[in-house]
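This report concerns only the one structure given below.
In this note's numbering, the protein residues as written are 379 to 612.
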């Protein structure tokens, strides 16, 4: 589905990504791990069309993504859940969810999509008229994930979905992501919860200073001595 080839991204004179290559296949869940400043969010934002690449190529099912506007990339079915959730705090939960169905291609199915989101997250149904900014962090992350699902994604990219959450709330989010993947949704998961992320993904990439330092089956990365020392504290 998604292919990234020799991608380079610059902020002025600084290279944030250098020669990054990776793939996400249909129905696969892929981990992207690395420390702060490694380039993980930059990679997601570039795939989403928010940052233009300085070199390399992006393709989706064999079609080039380079140069497409973010809304066109979203129309292709690539949807990002940003780090920090980025909800509209003064709008209700339901208003935030409906914002996810702004594209004409999914707007006509918004009520059906809304019912599905409420089936996945019953707590959001209970709080549909509550201001999003007044909910707990875990509930806000549910709303951010639900908003992305309203766009009917084929590839869901999640940037630190457990950031700032309690262990219980984080476990609920990871469990939901796993269910969505088992139902056929392709997922690119960025998380510093390395052990949990590698436990639920099939393949993984390790970014260090804008370069893919390691790649392979997640089960092998979990047992790699360098990953254990650098990211698991073992």
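Note that the Cβ used here is the ideal one computed from N, Cα and C, for glycine as well. It should be emphasised that the depicted structure is a prediction, and the values quoted were computed from it without experimental measurement.
* Asked: Taking 7 Å as the cut-off, does the CB of residue 507 come closer than this to any heavy atom belonging to the ligand ZN?
  -> With respect to small molecules bound, the structure shown includes none, and the ligand ZN cannot be examined in it.
* Asked: Grouping DSSP H, G and I as helix and E and B as strand, with all else coil, what is residue 376?
  -> Because residue 376 is not part of the residues shown, which for the chain are 379 to 612, the question remains open.
* **Between the CA atoms of residue 603 and residue 425 - distance to the nearest angstrom** => Counting from one through the chain shown, the residue named residue 425 turns up at place 47. Counting from one through the chain shown, the residue named residue 603 turns up at place 225. Distance between the alpha carbons of residue 425 and residue 603 is about 30 Å.
* Please go through the same chain and pick out, in chain order, the residues whose beta-carbon is closer than 7 Å to the beta-carbon of residue 596, but skip the five residues on each side of it. => Reading the chain shown from its first residue, position 218 is the one you call residue 596. So the list reads 409, 576, 579, 580, 581, 582, once near-sequence residues are dropped.
* To do: From the DSSP output, in three-state form, read off residue 579 for me.
  => As a first step, residue 579 must be located in the chain shown, where it is residue number 201. DSSP places residue 579 in coil when its eight states are reduced to three.
* To do: Out of 476, 555, 399, state which residue places its alpha-carbon closest to the alpha-carbon of residue 417.
  => Position 39 of the chain shown holds residue 417. The residue with the shortest Cα to Cα distance from residue 417 is 399.
* Under the rule that 16 or more other beta-carbon atoms within 10 Å means buried, what is residue 422, buried or exposed? -> Here residue 422 refers to the residue found at position 44 of the chain shown. Under this definition residue 422 is a buried residue.
* State the beta-bridge partners of residue 411 as determined by DSSP. => Translated into the one-based positions of the chain shown, residue 411 becomes position 33. Paired residues: 584.
* Cβ shell of residue 571 (< 6 Å), same chain only, five flanking positions each side left out -> On the chain shown, position 193 is the one that residue 571 refers to. So the qualifying residues of the chain are 540.
* Asked: With residue 610 and residue 573 assumed to form a contact (beta carbons below 8 Å), what rounded beta-carbon distance in angstroms separates them?
  -> Translated into the one-based positions of the chain shown, residue 610 becomes position 232. Translated into the one-based positions of the chain shown, residue 573 becomes position 195. 6 Å between Cβ atoms; contact.
* Whole-angstrom Cβ separation of residue 538 and residue 461, contact assumed at under 8 Å? -> Along the chain shown, read from residue 1 onward, the residue named residue 538 stands at position 160. Along the chain shown, read from residue 1 onward, the residue named residue 461 stands at position 83. Right, the Cβ-Cβ distance comes to about 4 Å (below 8 Å), so this counts as a contact.
* To do: In the DSSP assignment, find the alpha helix (DSSP H) that holds residue 503 and state where it starts and stops.
  => Position 125 of the chain shown holds residue 503. Counting along the chain, the alpha helix (DSSP H) containing residue 503 begins and ends at 500-504.
* To do: Would you list the residues sitting across from residue 386 in a DSSP beta bridge?
  => Counting from one through the chain shown, the residue named residue 386 turns up at place 8. Its beta-bridge partners are 433.
* To do: Give the single residue among 519, 434, 523 whose Cα lies nearest to the Cα of residue 565.
  => Translated into the one-based positions of the chain shown, residue 565 becomes position 187. That would be 523, whose Cα lies nearest to the Cα of residue 565.
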